[in-house]
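Be aware that the sequence shown starts at -6, since it is given in the working numbering, and climbs by one per residue. Structure, as structure tokens:
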Amino acid sequence: MYSEKVMDHFTNPRNVGEIENADGVGEVGNASCGDIMRIFLRVKDNVIEDVKFKTFGCGAAIATSSMITEMARGKTLEEALVLTNQAVAEALDGLPPAKMHCSNLAADALHAAINNFKEQSD
Ligand code: FES
């Protein structure tokens, strides 16, 4: 039912945890299941230098969180803002249709964290 990449990121998630005094924090919740994803950013010279996540959710939500942190690290804020939920699901070789809604958290949480950073630096 799940791709090997989903299973890999679920059983061995990358970048789990918090960044102390993060430059940006984004949190989104999934209204249908109650799961929550939080993303922490360290930003330097407009580039995402470090990114970590904490997700209270299903396996697909954890796998997508892990994947988005891998995709966002080293990107400029502009590059990271155009990462889509769809791109995360594709990078994981797809999710079962019933689990596509879980992938909606990942890019949304990343974008929320970037917007949080921008608000603070305005
Ligand atoms: Fe809630 Fe997957 S069931 S994010």
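Cβ atoms here follow ideal geometry from the backbone N, Cα and C, with glycine treated the same way.
Alpha carbons only, please: which of the options is nearest the one belonging to residue i?
i    : options                : result
A99  : L85, E71, D1           : L85
N109 : R35, K(-2), E(-3), N97 : R35
If you draw a straight line from the alpha carbon of residue i to that of residue j, how long is it in whole angstroms?
i    : j    : result
I32  : C26  : 19 Å
M30  : I107 : 14 Å
D101 : V21  : 7 Å
E72  : M64  : 10 Å
M93  : A82  : 8 Å
Go through its chain and collect everything with a Cβ distance to residue i's Cβ below 7 Å, but skip five positions before and after it.
i   : result
N39 : T69, L70
Using a Cβ-Cβ cut-off of 6 Å (strictly less than) and excluding sequence neighbours within five positions of residue i, which residues of its own chain qualify?
i   : result
K47 : R31
E42 : R35
Give the DSSP bridge partners of residue i, in chain order.
i   : result
L34 : G17, V44
Taking contact to mean 3 or more Cβ pairs, one atom from each stretch, closer than 8 Å, check whether the stretch 41 to 60 and the stretch -2 to 7 are in contact.
yes
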